[in-house]
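Notes follow the structure.
2 protein chains.
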Amino acid sequence: MEQTLKVAKPPMPNMPPATGHMLKVPKIPKMTVRRLSDYYRILRTLESQGDTEPLSSEKMSRLTGFTAAQVRRDLAYFGSFGKRGVGYDIGDLQQSLRSILGIDHPWSLALVGVGNLGTALLSYPGYRAQGFHIVAAFDSDATKHGRRFGNLVVRPLEDLAETAREHNISMAIVAVPASEAQAVIDTIVAAGIKGILNFAPVKLQVPPGVFLEKVDLSIEIEYLSYLLTNS
Amino acid sequence: MEQTLKVAKPPMPNMPPATGHMLKVPKIPKMTVRRLSDYYRILRTLESQGDTEPLSSEKMSRLTGFTAAQVRRDLAYFGSFGKRGVGYDIGDLQQSLRSILGIDHPWSLALVGVGNLGTALLSYPGYRAQGFHIVAAFDSDATKHGRRFGNLVVRPLEDLAETAREHNISMAIVAVPASEAQAVIDTIVAAGIKGILNFAPVKLQVPPGVFLEKVDLSIEIEYLSYLLTNS
DNA sequence: GTTTGTGAACAGATTCACAGCT
DNA sequence: AGCTGTGAATCTGTTCACAAAC
Numbered sequence: 424m425e426q427t428l429k430v431a432k433p434p435m436p437n438m439p440p441a442t443g444h445m446l447k448v449p450k451i452p453k454m455t456v457r458r459l460s461d462y463y464r465i466l467r468t469l470e471s472q473g474d475t476e477p478l479s480s481e482k483m484s485r486l487t488g489f490t491a492a493q494v495r496r497d498l499a500y501f502g503s504f505g506k507r508g509v510g511y512d513i514g515d516l517q518q519s520l521r522s523i524l525g526i527d528h529p530w531s532l533a534l535v536g537v538g539n540l541g542t543a544l545l546s547y548p549g550y551r552a553q554g555f556h557i558v559a560a561f562d563s564d565a566t567k568h569g570r571r572f573g574n575l576v577v578r579p580l581e582d583l584a585e586t587a588r589e590h591n592i593s594m595a596i597v598a599v600p601a602s603e604a605q606a607v608i609d610t611i612v613a614a615g616i617k618g619i620l621n622f623a624p625v626k627l628q629v630p631p632g633v634f635l636e637k638v639d640l641s642i643e644i645e646y647l648s649y650l651l652t653n654s
Numbered sequence: 424m425e426q427t428l429k430v431a432k433p434p435m436p437n438m439p440p441a442t443g444h445m446l447k448v449p450k451i452p453k454m455t456v457r458r459l460s461d462y463y464r465i466l467r468t469l470e471s472q473g474d475t476e477p478l479s480s481e482k483m484s485r486l487t488g489f490t491a492a493q494v495r496r497d498l499a500y501f502g503s504f505g506k507r508g509v510g511y512d513i514g515d516l517q518q519s520l521r522s523i524l525g526i527d528h529p530w531s532l533a534l535v536g537v538g539n540l541g542t543a544l545l546s547y548p549g550y551r552a553q554g555f556h557i558v559a560a561f562d563s564d565a566t567k568h569g570r571r572f573g574n575l576v577v578r579p580l581e582d583l584a585e586t587a588r589e590h591n592i593s594m595a596i597v598a599v600p601a602s603e604a605q606a607v608i609d610t611i612v613a614a615g616i617k618g619i620l621n622f623a624p625v626k627l628q629v630p631p632g633v634f635l636e637k638v639d640l641s642i643e644i645e646y647l648s649y650l651l652t653n654s
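Read top to bottom, the protein sequences are chains E and W. To convert, take the position in the first sequence, counting from 1, and add 423; that gives our numbering. To convert, take the position in the second sequence, counting from 1, and add 423; that gives our numbering.
Below is the structure:
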């Protein structure tokens, strides 16, 4: 009844022609994984409100705005977490999602770029559940070296590899100008960091095995502009 | 040969059964529009580098990482901007995209929530091409009222409707805690603002005709966590 | 009776491949 | 000859609808 720690039952319908080494769960849509974060947030909220009733996909649908079928399908990619006729146990499902998302343990992050955005990200409380810790900050601007933010000291970018090793850093947040971004990314990759969240509005190259996600304010605002213009 | 100012030729293949009033371009995938911002950025970069050669979809493909077919299809949703055998004119296409995206004129924005993230967004230079101007800042915390950021003064949230009217504000950026977000959104909607970019990690309701986009740091980081965990 | 998990149907987006224009 | 614009084919993701489980 407990679904902990392992991503259960990767269903393997129509596998592609067997791609060499395949340590990966077959093929989960990116949007499914992102919705998992939403489900997880809802579960935390419900639990914090003392709600202990099993949760149906129908109720989750109302809380998230996704369809109930979508909720069930999303979860079913990873296993059978519910009880038919009953629903999903709030605590159990939460734990399962933590395990799937890899947030059942803390992560150490590096921040590169201590400008306006970077400093805001340092103090942003949005690293939910305290699982994500920025343990080092870097900047290529020497005038910023040694500056303190809380208990962090800004270091030269050249120290990244060493610090990453020392603190077991596995993700980096990049908040530098577009013109510097590729060089920074190269340094991060060279330091062995495999997950990067980039805020610079530019297309960047990473080698296979390194995951690069981007947040692009320009795209968001321009999309709103489009919607307001063409409606 | 010039493609200016109007979103040309909305191709209307299989229209749905004629939905009452339809001032809208038929049905453009959201991701298509977002890629338009990427294309636009590339064009600006090329132009700033003095590149004046016509641009093929193949070259755009190399610059953006999308396929050439995708580039052509995306653009073709909005009209015929290229010349067969030649490619797309950098200046003309730029102007067409500006027009489609609605960024051929400036936009006035309000910022609500002058915490860490909010203040960073105030000074963030990422509102590309200076088309997007934050002309007013609001906070519900009275201790922040009157505080200055550059030439902006933080005002009480109650002033939003009046200020929005005065300055013709049509978009708002929301950077408040999740617990306050829905109330803030309601105020923004009541002020007649129809485009909202939300940074609060919570599901929010807006009436039809109001566009709400979200940027959720937790989801981005948790998705990286997922990728690093399940690979 | 209720709600999950899932094949099958459907809808939507991407890619193919080529006719048509320059 | 070269490159766009676009039907047709393919691929991917979502929704339907119901048998299985409780």
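Here a beta-carbon is modelled for each residue, glycine too, at the ideal position from N, C-alpha and C. Nothing here was measured: the structure is a model prediction, and the numbers come from that model.
Just reading off the alpha helix (DSSP H) that residue i is part of, what are its end residues?
i	result
His590 (chain W)	583-590
Lys482 (chain W)	480-487
Ile526 (chain E)	First-last for Ile526 (chain E): undefined, no H or E at that position.
Asp609 (chain W)	601-613
Pro640 (chain E)	Correcting the residue identity first, residue 640 (chain E) is Leu in this sequence and not Pro. Where Leu640 (chain E) is concerned, the enclosing alpha helix (DSSP H) stretches over 640-652.
Thr542 (chain W)	539-546
Thr475 (chain E)	Thr475 (chain E) -> no alpha helix (DSSP H), and no H or E assigned at all.
Pro498 (chain W)	Looking at the sequence shown, residue 498 (chain W) is not Pro but Leu. Its alpha helix (DSSP H) spans residues 491-499.
With residue i and residue j assumed to form a contact (beta carbons below 8 Å), what rounded beta-carbon distance in angstroms separates them?
i	j	result
Ala584 (chain E)	Ala613 (chain E)	7 Å
Ile644 (chain W)	Phe555 (chain E)	6 Å
Tyr547 (chain E)	Asn539 (chain W)	6 Å
Leu532 (chain W)	Ile592 (chain W)	6 Å
Leu545 (chain E)	Ala560 (chain E)	7 Å
Leu647 (chain W)	Phe572 (chain E)	At roughly 22 Å, the Cβ-Cβ gap does not stay under 8 Å, so Leu647 (chain W) and Phe572 (chain E) are not in contact.
Using a 10 Å radius around the Cβ and a threshold of 16 neighbouring Cβ atoms, would you call residue i buried or exposed?
i	result
Lys447 (chain E)	With a pLDDT of only 47 at Lys447 (chain E), under 50, the local geometry of the prediction cannot be trusted, and no value is derived from it.
Lys617 (chain W)	buried
Ser602 (chain E)	exposed
Val576 (chain W)	exposed
Asp639 (chain E)	buried
Asp474 (chain W)	exposed
Asn621 (chain W)	buried
Arg578 (chain E)	buried
Val456 (chain W)	buried
Gly541 (chain E)	buried
Gly514 (chain W)	exposed
Met483 (chain W)	buried
Ala492 (chain W)	exposed
Ser471 (chain W)	exposed
Gly615 (chain E)	exposed
Glu525 (chain E)	Reading off the sequence, residue 525 (chain E) comes out as Gly, not Glu. Buried is the call here.
Arg464 (chain E)	buried
Lys432 (chain W)	For Lys432 (chain W), the predicted structure reports a pLDDT of 30, less than 50, and the residue's modelled location is therefore unreliable. The matter cannot be settled from this model.
Following the continuous beta strand (DSSP E) through residue i, name the residue where it begins and the one where it ends.
i	result
Asn621 (chain W)	618-621
Pro578 (chain E)	Checking the sequence shown, residue 578 (chain E) turns out to be Arg, not Pro. Here the beta strand (DSSP E) through Arg578 (chain E) covers 575-579.
Ile596 (chain W)	594-597
Ala533 (chain W)	530-535
Glu636 (chain W)	634-637
Ala559 (chain W)	555-562
Of the choices the options, whose alpha-carbon is the least far from that of residue i?
i	options	result
Ala598 (chain E)	E:Leu627, E:Gly536, E:Glu636, E:Val558	E:Gly536
Glu481 (chain W)	W:Asp474, W:Ser471, W:Phe504, W:Thr490	W:Thr490
Gly488 (chain W)	E:Leu580, E:Val625, E:Leu498	E:Val625
Arg467 (chain W)	W:Val456, W:Leu520, W:Ala559, W:Ala560	W:Leu520
Ala565 (chain E)	E:Glu589, E:Glu581, E:Val558, E:Gln553	E:Glu581
Val629 (chain E)	E:Val607, E:Leu647, E:Tyr646	E:Val607
Leu478 (chain W)	W:Phe504, W:Glu636, W:His528, W:Ser460	W:Phe504
Leu498 (chain E)	E:Leu469, E:Tyr462, E:Val509, E:Ala560	E:Tyr462
Val509 (chain W)	W:Thr586, W:Gly615, W:Glu476	W:Glu476
Pro656 (chain E)	E:Arg464, E:Ile557, E:Gln517, E:Arg507	This structure does not reach residue 656 (chain E), given that chain E is present from 424 up to 654, and the question cannot be answered.
Leu459 (chain E)	E:Asp512, E:Arg507, E:Ser522, E:Leu627	E:Ser522
Lys637 (chain W)	W:Ala623, W:Leu647, W:Pro631	W:Ala623
Gln518 (chain W)	W:Phe501, W:Leu534, W:Arg507	W:Phe501
Asp512 (chain W)	W:Asp527, W:Leu469, W:Asn574	W:Leu469
Kindly examine the ligand NAD and report whether one of its heavy atoms sits closer than 7 Å to the Cβ of residue i.
i	result
Ile619 (chain E)	Ligands in the displayed structure: none, and consequently the ligand NAD is not present.
Residues of the segment 601-632 of chain W whose Cβ lies closer than 7 Å to any Cβ of chain E, in chain order: Lys617, Gly618, Leu620, Pro624, Lys626
Cβ-based contacts, 9 Å cut-off: residues of the segment 531-546 of chain W near chain E: Leu532, Gly538, Asn539, Leu540, Gly541, Thr542, Ala543, Leu544, Leu545, Ser546
Interface positions of the segment 500-529 of chain W facing chain E (Cβ-Cβ less than 8 Å), listed along the chain: Ile523, Leu524, Gly525, Ile526
The segment 480-491 of chain E: positions lying closer than 9 Å to chain W by Cβ: Leu486, Thr487, Gly488
Members of the segment 631-651 of chain W near chain E, C-beta cut-off 7 Å: Phe634, Glu636, Val638, Leu640, Ser641, Ile642, Glu643, Ile644, Glu645, Tyr646, Leu647, Ser648, Tyr649, Leu650, Leu651
Selection of the segment 553-581 of chain E by Cβ proximity to chain W, strictly under 7 Å: Phe555
Contacting positions in the segment 459-479 of chain E - beta carbon closer than 9 Å to chain W: Leu459, Ser460, Asp461, Tyr463, Arg464, Ile465, Thr468
Residues within the segment 582-597 of chain W neighbouring chain E, beta-carbon criterion of under 8 Å: Ser593, Met594
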